[in-house]
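Here is the structure we will look at, set down as structure tokens.
Number of protein chains: 2
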Amino acid sequence: MSYKKRLSRLRKAFLPRAEAFLITCPENRRFLSGFPSEDVSLQESAGALLLTRKEAFILTDPRYQEEAKECSPLFEPRIYRHGLEAELEGLLSLLKVRSLLLEPHCLSWAFFNRLQKRLSAVELKEAPPLVERIREIKDAEELEAIRKSLRIAEEILESIVPRIRPGITEKALAAQIIEMAYRRAEGPSFPPIVASGPNAAKPHAEPSEKELRLGEPLIIDMGVKWCGYCSDITRTFCVGKPEQRFKEVYSLVLKAKEEAEKVLAPGELAKRPDLVAREVFRRAGVERNYWHSLGHGVGLAIHEPPSLSFRSRKKLKAGQVVTVEPGLYFPDWGGVRLEDMVFLKEGGFERLNRLGFWYL
Amino acid sequence: MSYKKRLSRLRKAFLPRAEAFLITCPENRRFLSGFPSEDVSLQESAGALLLTRKEAFILTDPRYQEEAKECSPLFEPRIYRHGLEAELEGLLSLLKVRSLLLEPHCLSWAFFNRLQKRLSAVELKEAPPLVERIREIKDAEELEAIRKSLRIAEEILESIVPRIRPGITEKALAAQIIEMAYRRAEGPSFPPIVASGPNAAKPHAEPSEKELRLGEPLIIDMGVKWCGYCSDITRTFCVGKPEQRFKEVYSLVLKAKEEAEKVLAPGELAKRPDLVAREVFRRAGVERNYWHSLGHGVGLAIHEPPSLSFRSRKKLKAGQVVTVEPGLYFPDWGGVRLEDMVFLKEGGFERLNRLGFWYL
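First to last, the protein sequences are chains A and B. With the working numbering, the residue at position 246 of the first sequence is 246, and numbering never jumps. With the working numbering, the residue at position 112 of the second sequence is 1112, and numbering never jumps.
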């Protein structure tokens, strides 16, 4: 979908709600304009887009002025030296804007308070996830970028496997993954998780100086970015010959994944696959060791809608790309998590992964 | 300073303002409790601290429950399965809290709105940067971590220098920096900038597939984390023999840095060194090519107070660690930026860098 078409779809969605829309989410910014820069932090934005019925601006500070010029020509760059709020005050008054939609998830409460003080004549409104709804359904070009992103991630993971041996540290493996992610792609889509033994019981473990030991489970959860699009894959290995316990936990997680995938299709409730996985674990008496939801959407953001969680009230749709990643965690021992990415299409899904499941 | 002392100082500062304080800033969370996890994104927090006069809790979801147990024992872990807002609703009602301070910079407007709906009986207040004020002044242990962090960054930078030659890509150099940052430290403190030729005119350039060419300027801006503490160093090189223009720009930036450092001392206005650097550039007719401020505080966050900007109204204080990093940027040609870290102490400062300045 061209930037022009994306803008026109978004205008249809937001203009009934307000005269202008301020886009501060980095992924939405990129999706609409091609502006590639990421924010330094919540407190330090790389800029914003401002859309009205006719106009489209990219607002940024001088550090990013060259990147702003390289965006879609649909956007007119405005470089501010005194902060985004001051720039908006002037621009909105010039454009005679009286109502402005804001992205509540991608805006700090502090920024909102400062904006409200300056823009006393403008009605500020919480935007629903309008851009996210367009982003949820991937077009052919986006799907191609995700395929390529996952292909590279799998190649990196495969090249790491021969290095899994007792004595190597989690950090050494993580460093190799990251180095390859920057060399072969645009970098990691998130800091890779390389977690062995008891660390594997931390779903978001940070790689440590711990050395791998014989018989331990090892979770590697990693991905890269390609044209901005994220991949996300998890495989669990056993360092050396697996014991009975490893095999049992592994089989159970794999079974939960397979059962969940049987009910994974457009039109199905997004919570159903998660409930099915939970049921597999419940029957085995380990439901309390499943600490997260089954999966999440992936695209320009590593975690985006839909959420495959028992708490979701949404239905799945054709065109979504989601992860399927059940896991079981036992603090004294470790854990097993297995994750694929799938593309939902009429009647079911297409698995995007090529790598299968094996212990080592 | 022990966690106990940090908490006691913070309680003195916040209790006159409200009965409880919710800490959502990742760096503040770590500074007060040792909780090391980082947020996935603004929309996906790893948890929060809740402080009252007597109690201290670490609130997180099951993914981080093991990390929560490893925090300072001053904090009681509360693991939530239905979101932070629901957990807070129950806990604040149990504790009979009627007023709650929030960190406005580290809280999304959406989260605030959801909280306000749930906590109708609790007065929600914007907190001033109370934890940041304690963090601004580094104690001996923190300074040691920063020294070590910078030492490792300099070693990595030195080991990269022999690889600077025509034909190598920016990304290949960046990948090597990152790999070493993970192997020798806790990873990079920010995605390294490796920007050559015209890319060096983008202060926050992302490393590209562009190959280095003879005669081009090359900016490398990088740092690592050690015990959570960031380093930040920039050097500019010339690929091959430098032409006259490179030498002139380099000398001018170095001169601006040296002049600015003459007025860098506790008690001085934080804007003064930046104004001095600007004046050097103004006299040379290139003030418009200096696109950012002179420097920033560094600690658990890569950018933290004080800001060495002409817009600042603060005074510098002994115990602060700041960068000094003037730069000049010319879109068709490239740029030069030179950055050291310094520790402010009575009468002036101590340079923390060991590496000097050279082109190659």
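Cβ atoms here follow ideal geometry from the backbone N, Cα and C, with glycine treated the same way.
Nearest neighbour of B/A1013 by Cα position, chosen from B/T1052, B/P1036 and B/R1098, turns out to be B/T1052.
Under the rule that a run must span 3 or more residues, the beta strand (DSSP E) segments found entirely inside the segment 1037-1072 of chain B read 1048-1052 and 1056-1060. Shown here for A/V249: same chain residues with a beta carbon closer than 6 Å to its own, the five before and five after excluded, namely L328 and V336 in chain order. In this structure, the beta-carbon distance from A/D139 to A/G348 does not fall below 9 Å. Between A/F111 and A/E85, the gap from beta carbon to beta carbon is short of 9 Å.
Less than 9 Å divides the Cβ of A/S45 from the Cβ of A/T24. Separation of the CB atoms of A/C230 and A/A301 is rounded to 7 Å, and the pair is thereby assigned contact status at 8 Å.
Interface criterion not met: the Cβ of A/W333 is under 9 Å from no Cβ in chain B.
Closer than 9 Å to the CB of B/F1349 there is not a single CB belonging to chain A. In summary, the residues of the segment 1100-1115 of chain B whose CB is separated from some CB of chain A by less than 8 Å are L1102, P1104, H1105, C1106, L1107, S1108, W1109, A1110, F1111, F1112 and N1113, in the order they occur in the chain. When Cβ-Cβ separations below 9 Å define contact, A/F190 makes contact with chain B.
Of the candidates A/L94, A/E179 and A/E258, A/E179 places its Cα closest to the Cα of A/V224.
Residues of chain B whose Cβ lies closer than 7 Å to the Cβ of A/S37 are, in chain order, H1204. Legend: CB atoms of the segment 1061-1088 of chain B lying less than 7 Å from CB atoms of chain A belong to residues P1062, R1063, Y1064, E1066 and E1067.
Below the 7 Å Cβ cutoff, chain A contributes I178, E179 and Y182 as neighbours of B/I1178, in chain order. A residue is called buried when at least 16 other Cβ atoms come within 10 angstroms of its Cβ; B/F1357 does not meet this threshold and is exposed. C-alpha of A/K202 to C-alpha of A/Y290: approximately 11 Å in a straight line. The straight-line gap separating the alpha-carbon atoms of A/P191 and A/M222 is approximately 7 Å.
Annotation: A/E186 to A/S149 spans about 9 Å, alpha carbon to alpha carbon.
What B/W1291 touches in chain A, judged by beta-carbon distance under 7 Å, is P62 and R63, going in chain order. In chain A, no part has a C-beta under 8 Å from the C-beta of B/A1200; the shortest such distance is about 10 Å. When C-beta distances to chain A are compared with 8 Å, the residues of the segment 1112-1143 of chain B below that value are F1112, N1113 and E1126, in chain order. Buried is the label assigned to B/P1026, since at least 16 other Cβ atoms lie within 10 Å of its Cβ. Restricting attention to beta strand (DSSP E) runs no shorter than 3 residues, the segment 1230-1304 of chain B encloses them at 1233-1238 and 1295-1297, ordered along the chain. DSSP places B/P1026 in the uninterrupted alpha helix (DSSP H) bounded by P1026 to S1033. The beta carbons of A/L59 and A/N28 sit no closer together than 9 Å. Using a Cβ distance threshold of 9 Å, B/L1252 and B/V1286 count as a contacting pair.
Looking at the DSSP output, A/M222 sits in a beta bridge with A/I233. With respect to A/A265, A/S309 sits apart: the two C-beta atoms are not nearer than 9 Å. Within the segment 1147-1226 of chain B, the complete beta strand (DSSP E) segments at least 3 residues long are 1193-1196 and 1217-1222, listed from N- to C-terminus. For A/R114, the enclosing alpha helix (DSSP H) stretches over residues W109 to R118. Of the residues B/R1063, B/R1313 and B/R1213, the one whose Cα lies closest to the Cα of B/I1164 is B/R1213. The beta-carbon distance between B/E1089 and B/A1127, rounded to whole angstroms, is 20 Å. This is too long to meet the 8 Å contact definition.
Taking C-beta atoms under 8 Å as the contact rule, B/K1257 and B/L1338 qualify, at a distance of about 6 Å.
Less than 9 Å separates the beta-carbon of B/L1032 from that of B/Y1003. For the C-beta of A/A175, the chain B residues within less than 7 Å are, from N- to C-terminus, E1179, Y1182 and R1183.
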